[in-house]
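Chemist: Numbering (the working numbering), first residue to last: -8 to 114. Just so it is clear, CB atoms sit at the ideal spot from N, CA and C, and this is done for glycine as well.
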């Protein structure tokens, strides 16, 4: 049995978020005008895995808007993350690995709680 090589345990999840390019990058990346819906595949305390309808280049800085209902929060939250990889997936979509750069503290607390309570769903 191999040791876990990731910095954080990832657990499976089924929810949606809105994802868009950071305004500072819009000059360099002209692929997205409006935020698009993406499906959360897994989450850890250091990053999130998404299934998106469009390609995002490695290194792109994304703004991920998380609805309050996703983690049972009082209000919506925002994550700023860096695309670590983007691979073709099923049905013309793309599998993204995103490392958190900035995250609201209440959201990080909810993610930590979610990961702890769902370790049996490790991805």
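Could you name the residues of the same chain whose beta carbon sits closer than 7 Å to that of residue 37, not counting the 5 residues immediately before and after it, in chain order?
Modeler: -2, -1, 90 and 91
Chemist: Alpha carbons only, please: which of 73, 46, 72 and 31 is nearest the one belonging to residue 83?
Modeler: Out of 73, 46, 72 and 31, 46 has the C-alpha closest to the C-alpha of residue 83.
Chemist: Could you work out which residue in 111, 49, 76 and 53 is closest to residue 28 when comparing CA atoms only?
Modeler: Out of 111, 49, 76 and 53, 53 has the C-alpha closest to the C-alpha of residue 28.
Chemist: Could you pull out every residue in the same chain whose Cβ sits closer than 7 Å to the Cβ of residue 113, ignoring the five residues on either side in sequence?
Modeler: 0, 1 and 2
Chemist: Would you call the CB atoms of residue 55 and residue 8 closer than 7 Å?
Modeler: Taking 7 Å as the Cβ cut-off, residue 55 and residue 8 qualify as a contacting pair.
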